[in-house]
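J.: Okay, handing you the structure first.
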Amino acid sequence: MLPYRDWNYPFEGMLYGSIMGFAYVLAELPNSLIKRRLDIQPGTNSSGLKGAIFLLVDQADSVFGCVLFMPIFFTPSLIDSVGIVVLATCLHLVVNFLLYFVGLKNQPA
């Protein structure tokens with residue numbers, strides 16, 4: 001594979017954004033499929049341990065998908081990849097709670 005730094009496209013940012021957007025959406029699909037199979041409605045969550053697991057997976061799946069597609073552009077180390085998943089998942093949760101508290105979301109996460 002040709003290293004990303006050797007690519008010379010005029011719209012590199014658009015290409016990068018499109019691929020990362022695709023990765024984000026693609027990574028959301030398995031979790032959504034499982035939730036529908038368990039009769040959990042869109043936009044809602046289960047309660048108890050199952051709800052906590054789905055909450056964490058729901059926030060982390062898209063980040064994980066983006067990290068899987070990152071080697072197209074650059075290859076992060078394993079430590080960097082884990083750090084990205086942990087930090088981005090935490091940021092995702094914090095932003096969801098903030099949106100809930102300012103009234104832009106109906107549920108906290």
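Using the working numbering, read the sequence shown as starting at 1 and increasing by one per residue.
We put the beta carbon where it would ideally sit given N, CA and C, even for glycine.
When the distance is taken between beta carbons, is A88 closer than 8 angstroms to F97?
T.: For F97 and A88, no; Cβs fall outside 8 angstroms.
J.: Can you tell which of N31, P42, E12 has its C-alpha closest to the C-alpha of D61?
T.: Of N31, P42, E12, the residue nearest in Cα terms is N31.
J.: Reducing DSSP to helix, strand and coil, say where L104 ends up.
T.: L104 falls in the coil class under three-state DSSP.
J.: Look at the Cβ atom of A27, then the Cβ atom of G51, and state whether they are nearer than 8 angstroms.
T.: Not closer than 8 angstroms, so no.
J.: For F73 and Y16, which I take to be in contact (beta-carbon distance under 8 angstroms), what is that distance rounded to the nearest angstrom?
T.: With 8 angstroms as the limit, F73 and Y16 qualify as a contact, their Cβ atoms being about 6 angstroms apart.
J.: By the 10 Å Cβ neighbour count, where 16 or more other Cβ atoms means buried, how is D39 classified, buried or exposed?
T.: Counting Cβ neighbours within 10 Å, D39 comes out exposed, since fewer than 16 surround it.
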